[in-house]
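Okay, so here's the structure we're looking at.
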Amino acid sequence: MERTATRISSRAALLERTLAMPATPAPAGYSRLQIVLHWLVFALIAQQYIFRDAMSAAWGRVTEGLEVGFDPLVLAHVAGGALVMIFAIWRLTLRARRGVPPTIEAGRVQGLLAKLTHVGLYALMILMPFSGAVAWFGGAEAAAQGHNVLKILLLALVALHVVGALYHQFILRDGTLARMRRAQG
47 MERTATRISS
57 RAALLERTLA
67 MPATPAPAGY
77 SRLQIVLHWL
87 VFALIAQQYI
97 FRDAMSAAWG
107 RVTEGLEVGF
117 DPLVLAHVAG
127 GALVMIFAIW
137 RLTLRARRGV
147 PPTIEAGRVQ
157 GLLAKLTHVG
167 LYALMILMPF
177 SGAVAWFGGA
187 EAAAQGHNVL
197 KILLLALVAL
207 HVVGALYHQF
217 ILRDGTLARM
227 RRAQG
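Next comes the structure, spelled out in structure tokens:
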């Protein structure tokens with residue numbers, strides 16, 4: 047019990063350090079690996095949305111007690127979810143070790159909104175695959191319902207993230223979007 051509490055405490059401390067500014071000077075930009083992982087996660091989340099109908103149909107068969115045969119789209123959804131979680135954890139690790147460039151803020155409210163959006167995205171990139179796995183492999187209906195609620199939150203945060211990036215690119219013209227296209231440092 048004490049060992050589990052210590053493990054949870056150390057993971058919470060890592061997440062806190064990851065999301066806070068690192069002790070070392072912030073890099074001028076994102077590394078090539080950070081950029082590649084960002085766009086891979088974007089593509090995988092888009093793929094998850096594309097294959098959701100096959101997964102929903104398969105889940106419907108499971109809840110009706112029917113056999114679910116092999117479906118490559120279901121496999122792609124399950125594997126894609128696992129990769130999203132793995133890449134999100136990898137991104138958090140890189141963030142903790144290397145740091146990230148300082149945010150380009152247009153104001154306090156926007157800075158807070160950006161931070162909350164990023165925290166929410168990282169949390170959902172871990173919670174969504176976890177809830178999906180518990181539902182699919184454990185047959186837990188509550189996890190499936192949670193997965194669907196989290197899906198709505200994820201889509202909302204992704205939309206907010208995209209709108210924020212476009213706002214920085216076309217209204218503020220501050221170079222924020224360019225930092226996720228070209229590696230620096």
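Under this note's numbering, think of the first position of the sequence shown as 47, with each following residue one higher. All C-beta atoms, glycine included, are put in the ideal place defined by N, C-alpha and C.
Spatial distance of residue i from residue j (CA atoms)
| i | j | result |
| --- | --- | --- |
| Q94 | L121 | 11 Å |
| A104 | A134 | 26 Å |
| P73 | I96 | 35 Å |
| L112 | G106 | 9 Å |
| R228 | L167 | 22 Å |
| I150 | T222 | 7 Å |
| M131 | L158 | 24 Å |
| H84 | L170 | 14 Å |
For residue i, the nearest candidate out of the options (CA to CA)
| i | options | result |
| --- | --- | --- |
| S177 | L158, G127, R143 and A92 | G127 |
| R87 | H214, A181 and P175 | Checking the displayed sequence, the identity of residue 87 turns out to be Val instead of Arg. Here the closest residue by C-alpha is P175. |
| L173 | V146, L129, L212 and Y213 | L129 |
| S102 | A92, Q80, H123 and Y213 | H123 |
Under the three-state DSSP convention, the category residue i falls into
| i | result |
| --- | --- |
| F189 | Phe is not the amino acid found at residue 189; the sequence shown has Ala there. It is helical. |
| L158 | helix |
| V130 | helix |
| L112 | coil |
| G221 | coil |
| P118 | helix |
| I135 | helix |
| G184 | helix |
| G153 | coil |
| G75 | coil |
| R107 | helix |
| M67 | Legend: pLDDT at M67 = 47, less than 50; position of this residue unreliable, value from coordinates given subsequently. Here M67 sits in coil by DSSP. |
Limits of the alpha helix (DSSP H) - the one that residue i falls within
| i | result |
| --- | --- |
| G145 | Segment: none, G145 is in no alpha helix (DSSP H) and carries neither H nor E. |
| F88 | R78 to I96 |
Whole-angstrom C-beta distance between residue j and residue i, which should lie under 8 Å
| i | j | result |
| --- | --- | --- |
| Q230 | G115 | That belief does not hold up - the Cβ atoms of Q230 and G115 are roughly 48 Å apart, past 8 Å. |
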